[in-house]
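Quick mapping for you: the protein sequence lines, in order, are chains A and B. This note's numbering numbers the first residue of the first sequence as 312 and each following residue consecutively. This note's numbering numbers the first residue of the second sequence as 312 and each following residue consecutively. Backbone N, C-alpha and C fix where the C-beta goes; we use that ideal spot for every residue, glycine too.
There are 2 protein chains.
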Amino acid sequence: MPRLTPEAAAFDMHAALEGVAIDRSRSIAPQIYRELRTRIIDNRFPPGTALSETEVARICDVSRTPLRAAIQDLAGDGLIIVKPQVGSVVAPQNEARVREAIFIRAAIEAAIARRLAERGIDEAALAPILAAQEVAAKRDDYRTFFRYDEEFHQLLAQMADVPHAWQMVQSIKAHIDRQRLRLMSSISGRSLRAFEDHVRLLDCIRNGDASGAAAVMRDHINSALENVQTGLKG
Amino acid sequence: MPRLTPEAAAFDMHAALEGVAIDRSRSIAPQIYRELRTRIIDNRFPPGTALSETEVARICDVSRTPLRAAIQDLAGDGLIIVKPQVGSVVAPQNEARVREAIFIRAAIEAAIARRLAERGIDEAALAPILAAQEVAAKRDDYRTFFRYDEEFHQLLAQMADVPHAWQMVQSIKAHIDRQRLRLMSSISGRSLRAFEDHVRLLDCIRNGDASGAAAVMRDHINSALENVQTGLKG
DNA sequence: ATATATATACTAGTATACAAGTAGCGCAGC
DNA sequence: GCTGCGCTACTTGTATACTAGTATATATAT
Numbered sequence: 312m313p314r315l316t317p318e319a320a321a322f323d324m325h326a327a328l329e330g331v332a333i334d335r336s337r338s339i340a341p342q343i344y345r346e347l348r349t350r351i352i353d354n355r356f357p358p359g360t361a362l363s364e365t366e367v368a369r370i371c372d373v374s375r376t377p378l379r380a381a382i383q384d385l386a387g388d389g390l391i392i393v394k395p396q397v398g399s400v401v402a403p404q405n406e407a408r409v410r411e412a413i414f415i416r417a418a419i420e421a422a423i424a425r426r427l428a429e430r431g432i433d434e435a436a437l438a439p440i441l442a443a444q445e446v447a448a449k450r451d452d453y454r455t456f457f458r459y460d461e462e463f464h465q466l467l468a469q470m471a472d473v474p475h476a477w478q479m480v481q482s483i484k485a486h487i488d489r490q491r492l493r494l495m496s497s498i499s500g501r502s503l504r505a506f507e508d509h510v511r512l513l514d515c516i517r518n519g520d521a522s523g524a525a526a527v528m529r530d531h532i533n534s535a536l537e538n539v540q541t542g543l544k545g
Numbered sequence: 312m313p314r315l316t317p318e319a320a321a322f323d324m325h326a327a328l329e330g331v332a333i334d335r336s337r338s339i340a341p342q343i344y345r346e347l348r349t350r351i352i353d354n355r356f357p358p359g360t361a362l363s364e365t366e367v368a369r370i371c372d373v374s375r376t377p378l379r380a381a382i383q384d385l386a387g388d389g390l391i392i393v394k395p396q397v398g399s400v401v402a403p404q405n406e407a408r409v410r411e412a413i414f415i416r417a418a419i420e421a422a423i424a425r426r427l428a429e430r431g432i433d434e435a436a437l438a439p440i441l442a443a444q445e446v447a448a449k450r451d452d453y454r455t456f457f458r459y460d461e462e463f464h465q466l467l468a469q470m471a472d473v474p475h476a477w478q479m480v481q482s483i484k485a486h487i488d489r490q491r492l493r494l495m496s497s498i499s500g501r502s503l504r505a506f507e508d509h510v511r512l513l514d515c516i517r518n519g520d521a522s523g524a525a526a527v528m529r530d531h532i533n534s535a536l537e538n539v540q541t542g543l544k545g
């Protein structure tokens, strides 16, 4: 086993895996994947945590086979680092990695915005979400706003008809979200700024301003960079 | 087993897997992954081919475990469709999928071009590749040109310092390359046009024209769309 | 005391056995 | 001839046993 960091030494694996419930009538591997992924993103498994396949499998009461499949998938996402014959650890939060994740998300979502501006959209479908966002934003209720923000972006991706692109965004977004929770309430007025971005984005789309829409979306996503500079120590 | 298409019925699995050599001193799973991936992309495993884990494992003389891991990874790439308790097949070549792959690649690489224009690059490193491209392009030698084109784009990604973004491009590019080989020599003058794109791209980067660089790159990648319309039946 | 060899207790990678589910074929009955 | 039930032969999913490699601790020699 790799040397434990002080933080990881105090880590309680049983506590971190509390609430894991497996439905034996469905495939186990994807369920374990989801459970672990959620816990890594919300930092119940802090970066650097050692994950022994045997130990986790025993605690979750499943065999190593589906658990291993989940670990491999998480390694593919870059959330777990597997060192052959040595051990697996939750990937450290690397500033460069987060910045690159934001870069990729901005690239894909800007392209989505561009396409929507070129093709036009059904604004009616977005209206209720946008209204809910406005309420949350004016209350500076970032938690609620964040939920509708997710919906908003997802709906745009659906309208652009690029499901796999959205899947990639979801995958890469894990690296961004993993550090977002730490600071989400720290910056006041953030929701309002984001809401205004959305309004400006829809303006551009409505006017068929493809480059403008892409630029607004790019800046909107890139605003997460502000967190990176202040949020990560390394 | 899923019903066989006429094409797949005549398929010879042993022939398709010829040349698979496993180095038992290294991990087997990634080796199998590479071997299968290569064969799917160059259509030695035509779309729709049924892949039985047991059968392929036996022919490759490995156990199901590492082979299964490879299959799962390929399913993650969208190159194989796994139907639980039914069977796995090589993913059909879907026009929408290819178009979306091009969309994603264009998005990421356009963002790379933009970043390079903002930051500036070391043109000297690109010069030899560009020179080799010019020679191949003027001979209309698409095969050679294609090799240098790959190098060119990879080097740009390296310069932009986004290794994971490039990894994603590589992954998604499989869907594009799978249909490229069929037509690569069909359109004459293609290399020259691509070469001119590269020159214009470097012009924009040199002048710090971020939007221009992004636009050139976007159009450059999107030119692959011309193949899609004529190349796929469905 | 320090450096080096070695034992030990882990790790992930692989092989194999078993379970559960699906599709297609064939036969019985209508 | 046609319909429907059931058997059979596959498939992938899971559990477990085994292999091989690594890091740490311990003992030993210098």
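{"query": "Along the beta strand (DSSP E) that carries A/G523, what are the first and last residues, could you check?", "result": "Element bounds for A/G523: not the beta strand (DSSP E) but the alpha helix (DSSP H), A521 to N533."}
{"query": "Within a Cβ cutoff of 7 Å, which residues of the same chain sit near A/E329, ignoring the five residues on either side of it in sequence?", "result": "none"}
{"query": "Rounded to the nearest angstrom, how far is the Cβ of A/A380 from that of B/Q383, given a contact under 8 Å?", "result": "6 Å"}
{"query": "Could you have a look at B/G398 and say whether DSSP puts it in helix, strand or coil?", "result": "strand"}
{"query": "Cβ closer than 9 Å: which chain A residues qualify as neighbours of B/Q383?", "result": "A340, A380, Q383 and D384"}
{"query": "Is the shortest distance between the beta-carbon of A/S399 and the beta-carbons of chain B less than 8 Å?", "result": "no"}
{"query": "Kindly confirm or deny that the stretch 401-410 of chain A and the stretch 463-479 of chain A touch, where touching means at least three C-beta pairs closer than 8 Å.", "result": "no"}
{"query": "Is the Cβ-Cβ distance between A/A436 and A/A524 less than 8 Å?", "result": "no"}
{"query": "For A/P341, which residues in the same chain have their Cβ closer than 8 Å to its Cβ, ignoring the five residues on either side in sequence?", "result": "A381"}
{"query": "For B/R529, count neighbouring C-beta atoms within 10 Å of its own C-beta (all shown protein chains included) and say buried if the count is 16 or more, exposed if not.", "result": "buried"}
{"query": "If you check the beta carbons only, do B/E377 and B/I351 fall under 8 Å apart?", "result": "Note on identity: in this sequence residue 377 of chain B is Pro, with Glu being the wrong assignment. No, the pair does not count as a contact, with Cβ atoms beyond the cut-off."}
{"query": "Which partner residues of A/A361 appear in the DSSP bridge assignment?", "result": "A/V400"}
{"query": "If we count the other Cβ atoms within 10 Å of its Cβ and call it buried at 16 or more, is A/P358 buried or exposed?", "result": "buried"}
{"query": "Determine which residues of the stretch 416-428 of chain B have a Cβ less than 9 Å from any Cβ of chain A, and write them out in chain order.", "result": "A417, A418, I419, E420, A421, A422, I423, R425 and R426"}
{"query": "Can you list, in chain order, the residues of its chain with a C-beta nearer than 8 Å to that of B/R345? Leave out the 5 residues immediately preceding and following it.", "result": "none"}
{"query": "At a CB-CB cut-off below 7 Å, which residues of chain B make contact with A/V473?", "result": "E411 and F414"}
{"query": "Below 8 Å between beta carbons: does that hold for B/L441 and B/S399?", "result": "no"}
{"query": "Contact between the stretch 501-518 of chain A and the stretch 507-523 of chain B is defined here as three or more beta-carbon pairs at a separation below 8 Å; is this criterion met?", "result": "no"}
{"query": "Which residues bound the alpha helix (DSSP H) around A/S502?", "result": "R501 to R517"}
{"query": "Closer than 7 Å between beta carbons: that is the criterion. Which residues of the stretch 454-486 of chain B meet it against chain A?", "result": "V473, H475, A476 and M479"}
{"query": "May I have the straight-line CA-CA distance separating B/G500 from B/A448, to the nearest angstrom?", "result": "8 Å"}
{"query": "If you reduce the DSSP assignment to three classes, tell me which class B/I487 lands in.", "result": "helix"}
{"query": "At the 8 Å Cβ level, is B/P395 part of the contact set with chain A, yes or no?", "result": "yes"}
{"query": "Under 8 Å, Cβ to Cβ, is there at least one residue of chain B near A/S363?", "result": "no"}
{"query": "Among residues of its own chain, excluding the 5 on either side of B/E507, which ones have a beta-carbon nearer than 6 Å to its beta-carbon?", "result": "none"}
{"query": "According to a CB-to-CB cut-off of less than 8 Å, which residues of the stretch 495-528 of chain A neighbour chain B?", "result": "S522"}
{"query": "Hey, B/L536 and B/R410 are a contact pair by Cβ (cut 8 Å); roughly how many whole angstroms apart?", "result": "7 Å"}
{"query": "Taking the alpha carbon of A/E366 as the reference point, which residue from A/E445, A/H464 and A/A327 has its own alpha carbon closest?", "result": "A/A327"}
{"query": "Taking just the CA atoms, how far does B/I487 sit from B/F414?", "result": "11 Å"}
{"query": "List the endpoints of the continuous alpha helix (DSSP H) containing B/D372.", "result": "Neither: B/D372 is in no alpha helix (DSSP H) and is coded neither H nor E."}
{"query": "Considering only C-alpha positions, which residue in the set B/D460, B/I419 and B/G389 is nearest to B/R348?", "result": "B/G389"}
{"query": "Hey, would you say A/I483 sits closer than 8 Å to A/R426, going by beta carbons?", "result": "no"}
{"query": "Verify the CB distance criterion: does A/G431 have a CB-CB separation below 8 Å to chain B?", "result": "no"}
{"query": "Near B/C371, which residues of its chain fall below 6 Å by C-beta distance, leaving aside the five closest residues on each side in sequence?", "result": "V331"}
{"query": "Can you tell which of B/H325, B/A485 and B/A505 has the C-alpha that lies nearest to the C-alpha of B/L385?", "result": "B/A485"}
{"query": "Flag B/G309 as yes if its beta-carbon sits less than 8 Å from any beta-carbon of chain A, otherwise no.", "result": "Summary: the structure shown does not reach residue 309 of chain B, with chain B confined to residues 312 through 545, and so no result is reported for it."}
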